[in-house]
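Per the UniProt record's numbering, the very first residue in the sequence shown carries number 1; after that it's consecutive. Quick reminder that beta carbons are idealized off the backbone N, C-alpha and C, glycines included. Notes to accompany the following structure.
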Amino acid sequence: MYQILTDSECDLPIETLQAGNVDAISFHIKIDDQELVNDFGKSYDINEFYKRIKAGALPQTTQVNVGEYVEFFEPYVEKKIPIVYLGFSSGLSGSLSSAKQAREILLESYPEADIRIVDTLAASGGEGLLVLNAIKLQNSGFSLDELTAWFDNNKQRLQSWFTVDDLNHLYHGGRISRTSAALGTLLQVKPILDVDPDGKLRMVSKTRTRKKSLFELANKIVDAMQDDKDQPVIITTSGDYEAAEVVKKQIISKISKADIKIHSIGMTISSHTGFGCVAAFAIGKENRN
């Protein structure tokens, strides 16, 4: 048997990870000189965090360092348990590089260790959806080799769609210019973003109202589901649960039996999206391009 590992950026409920026997490492956030741990709400109320960013707080995020990954991996390595770490996109964070460095350090002391590092090229519920697939495949009897091969062949099929209600956080995160943020806010422009094949966030289109942006998210997911309408779908939001329900209802209006879960976006990602981000994720037939 092998151990599936991930990180807090999968935005799955801790109960889901525990039920699937998945362990996760936490990212860190600093807000108003307060250090927080993105530990699935165990030490901090996520809705309180949303209130703070809605009020204008601009948190700083910190990637997981090499030493933390060594401490995270080593208990399994010591017990000679093979591990596979399903990590936050390398296109959005340098943490995956730290995980790879930790792997090399551990192999010096444990040369027989089996440590797999998988770049999910995903974030939030997209990473979470891939973790759910890993749990399902492990439970169905997939070997570690078969599981990593599945990721090699299928992770690019993940469709990730985002819209934000606060352009200022995209500006502060370097995603758009100050002028675009100011003009977009004035004109009530709502961007539609996705995650490209390199795991980086990119702007795909713009709409003029919040409602249109939510409907476009739903339509993108409906398109992705056409070849597998029974698949699970994840919607995540940084505090605007009403908007997330709009997306869910719109999907169900077209695919009545859609299996949809709504989860909160963790502190790390919501630090960059601001309050009111809504994202939707499904596995499509074709690779993203």
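- A residue is called buried once 16 or more other Cβ atoms fall within 10 Å of its Cβ, and residue 220 is buried on that count.
- In the DSSP annotation of this structure, residue 211 is not part of any beta strand (DSSP E); the continuous alpha helix (DSSP H) holding it starts and ends at 210-224.
- Annotation: residue 58 is outside any alpha helix (DSSP H) and is labelled neither H nor E by DSSP.
- DSSP places residue 46 in the uninterrupted alpha helix (DSSP H) bounded by 46-54.
- Residue state for residue 279 is assigned as strand, using DSSP reduced to three classes.
- Nearest to residue 263 by C-alpha distance, out of 55, 241 and 191, is 241.
- By the neighbour-count definition (other C-beta atoms within 10 Å, threshold 16), residue 127 is a buried residue.
- Distance from the CA atom of residue 58 to the CA atom of residue 268, rounded to whole angstroms, is 11 Å.
- According to the DSSP assignment, residue 32 belongs to no beta strand (DSSP E), since it is labelled neither H nor E.
- Ranked by how close their Cα comes to the Cα of residue 135, the residues 16, 228 and 66 have 16 in first place.
- Per the C-alpha coordinates, the member of 85, 270 and 256 positioned closest to residue 151 is 85.
- For residue 159, the closest alpha carbon among the candidates 20, 7, 55 and 287 is that of 287.
- Per DSSP, the unbroken alpha helix (DSSP H) holding residue 267 starts and ends at 267-273.
- Here residue 16 carries a helix assignment [DSSP, helix/strand/coil].
- Counting the other Cβ atoms within 10 Å of the Cβ of residue 163 gives 16 or more, which makes it buried.
- Per DSSP, the continuous alpha helix (DSSP H) segment holding residue 66 begins and ends at 66-78.
- For secondary structure counted as the alpha helix (DSSP H) over 4 or more consecutive residues, the segment 131-159 holds these complete runs in sequence order: 144-154.
- DSSP places residue 103 within a helical segment (H, G or I) once states are collapsed to three.
- With respect to the 8 Å criterion, residue 82 and residue 144 are classified as neighbours on the basis of their beta carbons.
- The Cβ neighbour count for residue 111, taken over all protein chains shown within 10 Å, is under 16; the residue is labelled exposed.
- Per DSSP, residue 85 is one residue of the beta strand (DSSP E) stretching across 83-87.
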